[in-house]
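This report refers to the structure that appears directly beneath it.
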Amino acid sequence: MKKILLATPTMHTEEQQYIQKAFETNWIAPLGPNVDEFEEKVAAYVGASSSAALSSGTAALHLSIILAGVKENDIVFVPSLTFAASVNPIRYEKGVPVFIDSERDTWNMDASALRKAFEKYPHPKAVMAVHLYGTSANMDEICALCKEHNVPLIEDAAESLGTTYKGKMTGTFGDYGIYSFNGNKIITTSGGGILIAQQDEDVDKARFLSRQARDPARHYQHSAIGYNYRMSNIVAGIGCGQILHIEEHIRKKQEIYRTYKEAFSDIEEIEMNPLNRDGIDNNWLSCMTISQGSSVTPTQVMDALDAEGIETRPIWKPMHLQPVFKEYDFIQREDGMSVSEDIFNRGLCLPSDIKNTKEDMERIVEIVRKQFRQ
4 MKKILLATPT
14 MHTEEQQYIQ
24 KAFETNWIAP
34 LGPNVDEFEE
44 KVAAYVGASS
54 SAALSSGTAA
64 LHLSIILAGV
74 KENDIVFVPS
84 LTFAASVNPI
94 RYEKGVPVFI
104 DSERDTWNMD
114 ASALRKAFEK
124 YPHPKAVMAV
134 HLYGTSANMD
144 EICALCKEHN
154 VPLIEDAAES
164 LGTTYKGKMT
174 GTFGDYGIYS
184 FNGNKIITTS
194 GGGILIAQQD
204 EDVDKARFLS
214 RQARDPARHY
224 QHSAIGYNYR
234 MSNIVAGIGC
244 GQILHIEEHI
254 RKKQEIYRTY
264 KEAFSDIEEI
274 EMNPLNRDGI
284 DNNWLSCMTI
294 SQGSSVTPTQ
304 VMDALDAEGI
314 ETRPIWKPMH
324 LQPVFKEYDF
334 IQREDGMSVS
344 EDIFNRGLCL
354 PSDIKNTKED
364 MERIVEIVRK
374 QFRQ
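In the numbering used here, each residue carries its 1-based index in the sequence shown increased by 3.
In structure tokens form, the structure reads like this:
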């Protein structure tokens, strides 16, 4: 029985060429021509003037938190429905996350709940927006609130490279934006991330901090705490080859989403994850929710697929429900069960590997449909 995975790297031929060149020139250590080229290619693709290639998306978020000036006891507004990597860097700097509920239209940060958070906490140090599963948040409202309160905006676009909102790339709206190139992302470097910023000097500072904050002196001198966060020249070579195929990857992800949406269109209990009407999604992961009152549960669907060697994933468990973050505040638009909890309770992520064949997709669809015929 063929195993079908959620999302895996798709390699081409160019990656190996860049890696081979690194070996031939002995550029094995962090930094090097591949890093420079990858930074240039990503910046050009998203429309930024410069970028800093780093060891992970989490490292990029951590440096964004530092650049935003977050220090001990400073409040940062962040969506609850996200992966822990969005929140952990806030705590690295001993900041205080305040979790914001989701809106149903995009599953991302609810601007109405964000406005309530500003009323309760008038002076946060930063706001972090997340573009969940490759769908853009409604950035007009979020940006307007940040501008109104003069608060820096960080965009966690780890999952949304290539997604646009009103014709502009996600990650480029805020003061700082980050992308991830983990093995399951739209393109990969096996592991890595990139930071962009509105001000080139912030990118320069991120590079400085990522190289152990070594001062420009002949001897080893340090006037600030630094980090070993720079990207390797080897993995950057993978990225240089991968980004040549990003539009191809996005088209295939979009095709997967359309296949699921059409296949389940006659099942009233199934709803696919919403797309932002004002943007074009990269459809990194295709997700579905099951209506309340259905006799079918997400666990039932996941178990049925797992029994056939098909990998799925639950929706991210909201951060305000995580034991490690239980002490922090959570802001909803209105009382009752939160939107993020509801999505978590009723949703699952479907296999979204761009190497899936037509037969693979038919197999997945048939197993899911079968659960609703019993």
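Beta carbons are placed, not taken as given, at the ideal position from N, Cα and C, and that holds for glycine.
8 Å contact criterion, which residue i and residue j should meet: CB distance rounded
i	j	result
R210	G229	Not really, about 11 Å apart at Cβ, beyond 8 Å.
A56	G195	7 Å
R316	L9	6 Å
R349	A116	No, R349 and A116 are not in contact; Cβ-Cβ is about 20 Å, not under 8 Å.
L308	I370	6 Å
W110	N359	Not really, about 23 Å apart at Cβ, beyond 8 Å.
S67	I157	5 Å
V38	A239	4 Å
Nearest residue (CA-CA) to residue i, options the options
i	options	result
I93	N111, D363, H65, S105	H65
T13	D207, R214, E251, T28	E251
L278	N141, S183, A63	N141
A25	K320, P36, E271	P36
I71	A266, G180, C352	Residue identity differs from the one stated: residue 71 is Ala in this sequence, not Ile. Residue G180 is the option with its Cα nearest to A71.
S341	F102, L212, A147	F102
A32	N231, Y48, V154	N231
R149	G177, M172, A160	Checking the sequence shown, residue 149 turns out to be Cys, not Arg. Of G177, M172, A160, the residue nearest in Cα terms is G177.
E75	V327, E96, M112	E96
V299	Q377, I283, L324, S58	Q377
A114	G339, P82, A129, Q23	P82
I301	L34, Q374, F328, I246	It should be noted that the sequence gives Pro, not Ile, for residue 301. The shortest C-alpha separation from P301 is found at Q374.
E151	A129, E162, S139	A129
D363	K44, I22, I313, I78	I313
I346	Q303, Q295, M234	Q295
T262	I145, I367, G339, N29	I367
G186	I241, A310, E144, G137	I241
E271	A46, L247, R372	R372
M234	V79, G60, D203	G60
V327	S67, N236, D203, N91	N91
E27	A132, N236, Y48	N236
Y124	Y136, G137, D77	D77
Y136	L351, K361, N359	L351
K390	H248, E43, Q23, S355	Only positions 4 to 377 of the chain appear in this structure, which leaves residue 390 out of reach.
S193	I22, V206, V73	I22
D205	H222, R221, P155	P155
R280	E17, R221, D143, Y48	D143
P127	N153, M112, K361	N153
T16	H248, D338, E365	H248
Beta-carbon proximity list for residue i, same chain, < 8 Å, skipping 5 on both sides
i	result
Q19	G244
H225	Q215, A216, R217, D218
I69	E96, L212
G50	K171, M172, T175
T191	P12, F184, N185, I241, G242, Q245
I283	T166, T167
I253	G165, I189, N285, N286
D203	S52, S53
A147	none
M4	E311, G312
Other residues of its chain near residue i: CB distance less than 6 Å, five sequence neighbours each side excluded
i	result
E274	T292
S343	S83, L84, D104, S105, P321
T173	H134, S139, A160, S163, T166
K6	G312
N29	none
P100	V79, V81, V90, I93, Y331
G98	V73, D77, V79
V45	S54, I197
A227	A216
S297	E272
Same chain, Cβ closer than 7 Å to residue i, neighbours up to 5 away in sequence not counted
i	result
I208	The sequence given here has Lys at residue 208, not Ile. Answer for K208: L70, listed in chain order.
A63	L57, I181, G196, I197, L198
F41	A56, A239, G242, C243
V304	L351, V371, Q374
L34	R233, N236
At least 3 beta-carbon pairs within less than 8 Å: the segment 332-349 vs the segment 118-130: Yes, the segment 332-349 is in contact with the segment 118-130.
Give a yes or no on contact between the segment 284-296 and the segment 76-89, applying the rule of three or more CB pairs nearer than 8 Å. Verdict: no, contact absent.
Inter-stretch contact (C-beta, 8 Å, three-pair minimum) for the segment 319-330 and the segment 185-199: Counting Cβ pairs under 8 Å, fewer than three are found: no touch.
Can you list the alpha helix (DSSP H) stretches of 4 or more residues lying completely in the segment 294-377, in chain order? Contiguous alpha helix (DSSP H) elements confined to the segment 294-377 occur at 301-310, 342-349, 361-374, taking only those with 4 or more residues.
Okay, do the segment 156-171 and the segment 259-276 touch, 3+ Cβ pairs below 8 Å being the bar? Segment contact: the segment 156-171 against the segment 259-276, fewer than three CB-CB distances shorter than 8 Å; contact not assigned.
Which whole runs of the alpha helix (DSSP H) in the segment 140-184 are 4 residues long or more, in chain order? The qualifying runs are 142-151.
Could you name each continuous beta strand (DSSP E) segment of 3 residues or more that falls completely within the segment 186-261, going from the start of the chain to the end? The segment 186-261 contains these whole beta strand (DSSP E) runs: 196-200.
Taking only runs that begin and end inside the segment 54-125, name each unbroken alpha helix (DSSP H) of 4 or more residues, in chain order. List check, alpha helix (DSSP H) in window: 60-70, 91-95, 114-123.
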